[in-house]
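K.L.:
Protein chains: 2
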Amino acid sequence: MSGTTPQGSEMEIVHLLRAVTVELGLHSARFAQRHAMHPTDVRALIALMDAARAREEMTAGRLGAALGLNSAGTTALVDRLERAGHVRRVRGERDRRKVVIEVSEEAVELGQAFFGPLIDRTVGLLEGYDEREKAAIRGFLHGVRDAAAGQD
Amino acid sequence: MSGTTPQGSEMEIVHLLRAVTVELGLHSARFAQRHAMHPTDVRALIALMDAARAREEMTAGRLGAALGLNSAGTTALVDRLERAGHVRRVRGERDRRKVVIEVSEEAVELGQAFFGPLIDRTVGLLEGYDEREKAAIRGFLHGVRDAAAGQD
DNA sequence: GTCGAACATCTCGCTCAACGAGATAATAGG
DNA sequence: CCTATTATCTCGTTGAGCGAGATGTTCGAC
Numbered sequence: 097m098s099g100t101t102p103q104g105s106e107m108e109i110v111h112l113l114r115a116v117t118v119e120l121g122l123h124s125a126r127f128a129q130r131h132a133m134h135p136t137d138v139r140a141l142i143a144l145m146d147a148a149r150a151r152e153e154m155t156a157g158r159l160g161a162a163l164g165l166n167s168a169g170t171t172a173l174v175d176r177l178e179r180a181g182h183v184r185r186v187r188g189e190r191d192r193r194k195v196v197i198e199v200s201e202e203a204v205e206l207g208q209a210f211f212g213p214l215i216d217r218t219v220g221l222l223e224g225y226d227e228r229e230k231a232a233i234r235g236f237l238h239g240v241r242d243a244a245a246g247q248d
Numbered sequence: 097m098s099g100t101t102p103q104g105s106e107m108e109i110v111h112l113l114r115a116v117t118v119e120l121g122l123h124s125a126r127f128a129q130r131h132a133m134h135p136t137d138v139r140a141l142i143a144l145m146d147a148a149r150a151r152e153e154m155t156a157g158r159l160g161a162a163l164g165l166n167s168a169g170t171t172a173l174v175d176r177l178e179r180a181g182h183v184r185r186v187r188g189e190r191d192r193r194k195v196v197i198e199v200s201e202e203a204v205e206l207g208q209a210f211f212g213p214l215i216d217r218t219v220g221l222l223e224g225y226d227e228r229e230k231a232a233i234r235g236f237l238h239g240v241r242d243a244a245a246g247q248d
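These protein sequence lines map, in sequence, to chains A and B. This note's numbering applies: residue 97 is where the first sequence begins, and numbers increase by one. This note's numbering applies: residue 97 is where the second sequence begins, and numbers increase by one.
(1) What residue range is occupied by the uninterrupted alpha helix (DSSP H) comprising glutamate 205/B?
(2) So arginine 190/A is in the alpha helix (DSSP H); what residue range does that whole segment cover?
(3) Whole angstroms is fine: what's the gap from threonine 100/A's alpha carbon to glycine 235/B's?
(4) Taking only beta-carbon atoms, is threonine 170/A less than 8 Å away from chain B?
(5) Alpha carbon to alpha carbon, how far is leucine 159/B from histidine 123/A? Give it in angstroms, no decimals.
(6) Does arginine 184/A get closer than 8 Å to chain B when you measure Cβ to Cβ?
(7) Quick one: which chain B residues come within Cβ less than 8 Å of histidine 62/A?
(8) Hey, how far is the Cα of glutamate 152/B from the Cα of isoleucine 142/A?
(9) Would the segment 221-228 of chain B count as touching the segment 216-227 of chain A if we require 3 or more Cβ pairs under 8 Å?
(10) Could you work out which residues of chain A lie near valine 174/B, taking near to mean beta carbons separated by less than 8 Å?
(11) Does any C-beta atom of chain B lie closer than 8 Å to the C-beta of histidine 123/A?
(12) Does the Cβ of glutamate 205/A have 16 or more other Cβ atoms within 10 Å, making it buried, or fewer, making it exposed?
(13) So alanine 148/A is in the alpha helix (DSSP H); what residue range does that whole segment cover?
(14) Is it the case that the Cβ atoms of valine 195/A and alanine 156/A are separated by a distance below 8 Å?
(15) Give a yes or no on contact between the segment 130-142 of chain A and the segment 173-191 of chain A, applying the rule of three or more CB pairs nearer than 8 Å.
(16) Does any residue of chain A have a CB that is nearer than 8 Å to the CB of leucine 159/B?
(17) Do leucine 113/A and leucine 112/B count as a contact pair if the criterion is CB distance below 8 Å?
(18) Would you say leucine 163/A faces chain B, with C-beta separation under 8 Å as the test?
(19) Taking 7 Å as the limit between beta carbons, can you name the residues of its chain near valine 174/B, skipping five residues before and five after?
(20) Would you kindly work out how many angstroms separate the C-alpha atoms of phenylalanine 127/B and phenylalanine 210/B, rounded to a whole number?
(21) How about glycine 99/A: is its C-beta nearer than 8 Å to some C-beta of chain B?
(22) At 8 Å on the CB atoms, spell out the chain B contacts of leucine 141/A, in chain order.
(23) Just the chain A side, please: which residues come within less than 8 Å of threonine 136/B by C-beta, in chain order?
(24) If you measure from the beta carbon of arginine 179/A to each beta carbon in chain B, is any gap under 8 Å?
(25) Against valine 199/A, what residues of chain B qualify as contacts under a CB-to-CB distance less than 8 Å, listed in chain order?
(26) Have a look at alanine 243/B and leucine 163/B and give me their C-alpha separation to the nearest angstrom.
(27) Does DSSP classify glutamate 119/A as helix, strand or coil?
(28) Determine the DSSP secondary structure at glutamate 198/B, reduced to helix, strand or coil.
(29) For valine 199/A and arginine 187/B, I'd like the C-alpha separation in whole angstroms.
(30) Here's the rule: buried if 16 or more other CB atoms are within 10 angstroms of the residue's CB, otherwise exposed. What is glycine 169/A?
(31) Under a Cβ-count criterion, where at least 16 other Cβ atoms within 10 Å of its own Cβ denotes burial, should alanine 203/B be classed as buried or exposed?
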């Protein structure tokens, strides 16, 4: 932050954005460590809860693909989560080759207890802004997401 | 998941923020994979470049602490980075127990080539907003960072 | 109906990042 | 100098994730 940048205002926000991603990552890491899980396990639970909210069935294969794991790694991941009681394996009804992964109630509550307060505080922050300001925040985040996703 | 959402507008931004952190994480992962590095190696290089920009010497011990590695892991990390030519070990002049880690020019250029365009696009985005909107973005990011850092 | 190809998941053996414990080397204080 | 302290490295182990291949399931062709 020592003023060597020509446009300090913009770069300050860039660094702030990076700081936010770092802090959110550390927050997830704390959740992982507190519950004796690995970062991958947390990402898996988040993916599973997202799927549940979208009323989509998440199979072992889809989960592995979403996390960038191969079949062996996915099996080990689901083994770990199942052993810890965070998920259940359910053989697909329609297609019995599939293994549908269901998040346990206990894991959902764990996640809400840990991430809920952060979400509430963020929503609280947003309520302090008017529509034009919120539109700016929304537009900026949208743009950054697309810039990061589109880049090569 | 939908326990506290009477207002969709705020939750949309919360999800957008999470999407941004996911995309930025994937962007770093692409950088790591393309250069045959691990996520930890990328985090290490970023920490080293931050230190360099702040004109601070980064020693092996401080680097390990910043990344949450113990001494053995830190040694292995620096070994990897040195073998790949991304950093150099330099024995401390004043205190010869210390090992100062310096980032190679080549690694700096690698990082700029990959992250520079994204930063430029982000700055470009920001230039489209007026001061009040930028203040809102800055304030929001600031608040989220503190909320994530302060929690528990 | 039965056969074989395609598919979804699991098992086995391996590699390598990170850990714990302890060794080695250098500084500072009495 | 001799001891406590600090900084880094070495050794042996653990465990997540990979590649290859085994097992069980569906579906179309005949």
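Glycine is no exception: its CB is placed at the ideal position from the N, C-alpha and C atoms.
P.N.:
Working from what's here:
(1) 201-222
(2) No alpha helix (DSSP H) contains arginine 190/A, which DSSP labels as neither H nor E.
(3) With a pLDDT of 41 at threonine 100/A, under the threshold of 50, the modelled position of this residue cannot be trusted, and the question is left open.
(4) Cβ-Cβ to chain B under 8 Å: no for threonine 170/A.
(5) 20 Å
(6) Taking a beta-carbon distance threshold of 8 Å, arginine 184/A does not count as an interface residue toward chain B.
(7) Residue 62/A cannot be examined here, being either before or after the span of chain A that is shown, 97 to 248.
(8) 37 Å
(9) With a cut-off of 8 Å, the segment 216-227 of chain A and the segment 221-228 of chain B do not count as touching, because too few Cβ pairs lie within range.
(10) Listed along chain A, no residue sits closer than 8 Å to valine 174/B by beta-carbon distance, the nearest being about 21 Å off.
(11) yes
(12) exposed
(13) 135-149
(14) yes
(15) yes
(16) no
(17) no
(18) no
(19) Ala156, Val183, Arg185, Ile197.
(20) Phenylalanine 127/B and phenylalanine 210/B have their C-alpha atoms spaced approximately 7 Å apart.
(21) Interpretation of glycine 99/A is limited by its pLDDT of 39, a score under 50 that renders its predicted location unreliable; the figure taken from the coordinates is listed afterwards. Not one chain B Cβ lies under 8 Å of glycine 99/A.
(22) Among the residues of chain B, none has a CB under 8 Å from the CB of leucine 141/A; the nearest is roughly 12 Å distant.
(23) Within 8 Å Cβ-Cβ: nothing; threonine 136/B doesn't reach chain A, min ~11 Å.
(24) Answer no: the Cβ-Cβ gap between arginine 179/A and chain B never drops below 8 Å.
(25) The premise fails here: valine 199/A is roughly 11 Å from chain B at the closest Cβ pair, so nothing lies under 8 Å.
(26) 21 Å
(27) helix
(28) strand
(29) 51 Å
(30) Exposed, since its Cβ has fewer than 16 Cβ neighbours within 10 Å.
(31) Alanine 203/B comes out buried.
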